[in-house]
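Quick mapping for you: the protein sequence lines, in order, are chains A and B. In this text, residue positions in the first sequence follow this note's numbering: the first is 21, and each later residue adds one. In this text, residue positions in the second sequence follow this note's numbering: the first is 3, and each later residue adds one.
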Amino acid sequence: MNDAIVIERLIKHYGSRRVVDAVNLRVPAGCVYGFLGRNGAGKSTLIKTLLGMVQPDVGRATLLGEDFRDLRSATRARIAYLAEGHPLYRWMRVGEAARFTRRFYPTWREALFEGILDHFRISRRQKIGKLSNGQRAQVSLALALAPDPELLILDDPTLGLDTVVRREFLESLIHLIQRNGRTIFFSSHMLSDVERVADRVGILADGVLRVDCPTDHFKSAVRRVVMEFSGAVPRFPACAGLVSQRALGGKLELVVVDFGNQHRELAESLGATDLDVLEMNLEDAFIAYTRGEAPPLPTLEWELAV
Amino acid sequence: MIAALVRKELRELLPFAVLALFFQCSLVWLAISSRTQGSIADAGVIPFVNEDVLWYTFIVATLLAVALGLWQTMWENGHGTFLFLLHRPMPREALIGTKLLTGGTICLVAALLPVAWYAIWAATPGTHASPFSWSMTAWAWLWAVEVPLLYLGAFLSGLRPAKLFGSRFAPLAGGVVLFFLLGLCSSLLSSWWPAIVLATLIVDACFAVAIFHVAATRDYS
Chain A
21 MNDAIVIERL
31 IKHYGSRRVV
41 DAVNLRVPAG
51 CVYGFLGRNG
61 AGKSTLIKTL
71 LGMVQPDVGR
81 ATLLGEDFRD
91 LRSATRARIA
101 YLAEGHPLYR
111 WMRVGEAARF
121 TRRFYPTWRE
131 ALFEGILDHF
141 RISRRQKIGK
151 LSNGQRAQVS
161 LALALAPDPE
171 LLILDDPTLG
181 LDTVVRREFL
191 ESLIHLIQRN
201 GRTIFFSSHM
211 LSDVERVADR
221 VGILADGVLR
231 VDCPTDHFKS
241 AVRRVVMEFS
251 GAVPRFPACA
261 GLVSQRALGG
271 KLELVVVDFG
281 NQHRELAESL
291 GATDLDVLEM
301 NLEDAFIAYT
311 RGEAPPLPTL
321 EWELAV
Chain B
3 MIAALVRKEL
13 RELLPFAVLA
23 LFFQCSLVWL
33 AISSRTQGSI
43 ADAGVIPFVN
53 EDVLWYTFIV
63 ATLLAVALGL
73 WQTMWENGHG
83 TFLFLLHRPM
93 PREALIGTKL
103 LTGGTICLVA
113 ALLPVAWYAI
123 WAATPGTHAS
133 PFSWSMTAWA
143 WLWAVEVPLL
153 YLGAFLSGLR
163 PAKLFGSRFA
173 PLAGGVVLFF
183 LLGLCSSLLS
193 SWWPAIVLAT
203 LIVDACFAVA
213 IFHVAATRDY
223 S
């Protein structure tokens with residue numbers, strides 16, 4: 021299968037901060053790829069880099085088989101991009117925005133554009149500046165889909181939308197893009213959005229791509245392991261698959277991918293009195309991946325002593 | 003594509019252009035009508051030699067040039083619409099070039115129109131009791147063609163990412179200095195007009211190259 025997006029060792033710094041850290045990623049054609057991460061994880065920077073809006077320090081990428089630094093206009097026309105916040109010219113009416121945009125696309129499908137507007141109950145005469153965030157997102161989607169793109173890149177498309185509009189937006193998106201070979205790469209910090217629509221999931225934490233696998237595999241592979249100790253709680257040694265560890269009272273809680281014999285032997289060597297392996301829901305797994313190491317919270321005991 | 007882009011730019015710049023042209027036309031009209039009525043205050047005033055109206059029109063034109071340059075860049079930046087615009091399937095040089103040509107043309111028209119109107123009036127026999135020769139107008143044409151230089155400086159300042167109270171306005175400041183230097187040459191050495199026009203075009207080209215370079219290499223984040 022061809023890859024719609026290939027990213028190789030992409031690095032980007034802002035000042036001394038590494039925002040995108042040697043990311044390697046392949047998005048197969050026809051895939052709906054959910055790109056997750058907390059706010060500030062580097063998702064938008066990576067997407068903007070792919071589209072030539074941000075210059076990377078190192079690395080290369082291809083979109084629809086073409087180098088991202090030299091995308092020809094014809095290739096760019098096959099790629100739809102919804103930027104975060106759905107920036108559109110607020111002085112334009114919806115119809116003017118369509119007239120402006122369609123001049124750039126020989127494949128513009130007016131009937132599709134009209135159909136999407138009708139679906140969302142948006143009039144062409146409405147001024148974009150007067151639309152709600154949700155309606156502006158819907159107009160952006162209509163403008164992006166009308167040229168019949170092969171690849172859609174959406175940067176947090178549901179950001180700022182309420183629950184109902186968000187659900188409607190995603191359902192419409194999935195309904196509208198049902199066609200073989202069309203690829204969607206969308207970033208989000210809303211786990212439920214990704215879970216609902218993505219075939220494949222990637223998790224970016226502090227610029228590092230920590231997960232890249234089918235969504236179902238991600239759900240099934242991540243486990244919480246709780247070990248009990250009679251004495252002091254030791255640190256679990258670094259090993260393949262260990263995502264995080266946390267000491268809670270006399271227990272050590274691990275998040276592990278593909279828990280197996282190697283992990284079990286390590287746990288037993290530490291002298292655990294009890295060991296439980298529990299399933300995790302996607303949200304807990306996502307939090308475990310993206311939380312990072314935080315200093316422990318002060319305890320009530322400490323506060324009372326003060 | 004180009005036509006759609008030009009229409010969009012014109013629509014965005016229209017309020018500025020209309021306001022500036024209103025001021026320009028009013029200034030010239032007032033000057034002409036006062037001469038026609040032959041007021042005592044205007045006795046001895048020779049068009050293009052010892053009157054002030056064109057200086058006022060140049061002030062309006064320079065303000066317009068700075069406003070357009072900053073508006074076309076900082077507004078797009080502030081509203082995030084560069085991300086929408088630059089993803090249109092058209093080379094980035096063409097997108098930025100169309101913006102520049104539209105804004106630059108408006109500046110040039112706003113600067114040249116009052117000079118042309120006033121010169122045609124002054125050249126028409128019987129309109130005023132003072133001598134007139136087309137060579138007297140050379141300095142005014144030169145000042146007018148130098149106005150886009152300020153526009154380009156403002157455009158580069160708006161486009162170039164830098165601290166607002168740091169080096170952000172350095173290109174505009176450079177444009178102002180060069181504008182006044184070339185303007186001084188235009189007033190004192192107007193017979194050297196080919197050299198002055200050439201120098202103006204070279205400075206314009208340098209600004210344009212810098213703008214295209216920044217547009218291609220900056221981060222739109």
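Think of the CB as a built atom: it goes at the ideal place given N, C-alpha and C, for glycine as much as any other residue.
Who are residue i's beta bridge partners in DSSP?
i, result
"GLN265(A)", "LEU274(A)"
"GLY54(A)", "PHE206(A) and VAL221(A)"
"GLU86(A)", "LEU83(A)"
"LYS147(A)", "ARG113(A)"
"CYS109(B)", "CYS109(B) is not bridged to any residue."
"ILE173(A)", "TYR101(A) and PHE205(A)"
"ILE27(A)", "LEU45(A) and ALA81(A)"
"PRO234(A)", "ARG220(A)"
"VAL242(A)", "VAL277(A)"
"GLU215(A)", "Answer is none; GLU215(A) lacks a bridge partner."
"VAL297(A)", "VAL245(A)"
"ARG38(A)", "HIS33(A)"
Please state whether DSSP places residue i in a helix, a strand or coil.
i, result
"HIS33(A)", "strand"
"VAL184(A)", "helix"
"ALA67(B)", "helix"
"ALA325(A)", "At ALA325(A) the pLDDT is 48, less than 50, meaning the model places this residue with poor confidence and gives no usable figure here."
"ASN44(A)", "strand"
"GLU53(B)", "coil"
"ALA308(A)", "helix"
"ALA292(A)", "coil"
"VAL228(A)", "strand"
"MET3(B)", "coil"
"MET247(A)", "strand"
"ARG129(A)", "coil"
"ARG284(A)", "helix"
"TRP130(B)", "Residue identity check: residue 130(B) is His in the sequence provided, not Trp. It is coil, neither helix nor strand."
"VAL253(A)", "coil"
"GLY72(A)", "coil"
"ASP168(A)", "coil"
"SER137(B)", "helix"
"CYS27(B)", "helix"
"PRO17(B)", "helix"
"LEU317(A)", "Legend: pLDDT at LEU317(A) = 49, less than 50; position of this residue unreliable, value from coordinates given subsequently. DSSP places LEU317(A) in coil when its eight states are reduced to three."
"ALA125(B)", "helix"
"ASN2(B)", "Residue 2(B) lies beyond the stretch modelled for chain B, which goes from 3 to 223, so this question has no answer here."
"HIS195(A)", "helix"
"ASN22(A)", "coil"
"ARG37(B)", "helix"
"GLY99(B)", "helix"
"ARG122(A)", "helix"
Mind checking whether residue i and residue j have CB atoms under 8 Å apart?
i, j, result
"VAL55(B)", "VAL30(B)", "yes"
"PHE86(B)", "ALA103(A)", "yes"
"TRP77(B)", "PHE18(B)", "no"
"TYR222(B)", "LEU103(B)", "no"
"LEU65(B)", "LEU15(B)", "no"
"GLY201(A)", "GLU170(A)", "yes"
"ALA112(B)", "ALA22(B)", "yes"
"GLY60(A)", "LEU179(A)", "no"
"GLY57(A)", "HIS209(A)", "yes"
"GLN146(A)", "ARG113(A)", "yes"
"VAL149(B)", "ALA63(B)", "yes"
"ALA166(A)", "PHE133(A)", "yes"
"LEU154(B)", "ALA210(B)", "yes"
"ARG29(A)", "VAL78(A)", "yes"
"PRO49(B)", "PHE157(B)", "no"
"VAL246(A)", "LEU298(A)", "yes"
"ASP278(A)", "GLY261(A)", "yes"
"VAL43(A)", "ILE67(A)", "no"
"VAL47(A)", "ALA24(A)", "yes"
"ILE142(A)", "LEU161(A)", "no"
"GLU139(B)", "ALA121(B)", "Correcting the residue identity first, residue 139(B) is Thr in this sequence and not Glu. Yes; because the gap between Cβ atoms is below 8 Å, this pair is in contact."
"LEU211(A)", "PHE306(A)", "yes"
Complete runs of the beta strand (DSSP E) confined to the segment 147–221 of chain B [at least 3 residues]: none
Inter-stretch contact at 8 Å, needing at least 3 Cβ pairs: the segment 215–222 of chain A / the segment 241–257 of chain A: no
Any 3 or more C-beta pairs closer than 8 Å across the segment 229–247 of chain A and the segment 76–92 of chain A: no
Sufficient close CB pairs (3 or more, under 8 Å) joining the segment 141–159 of chain A to the segment 173–187 of chain A: yes
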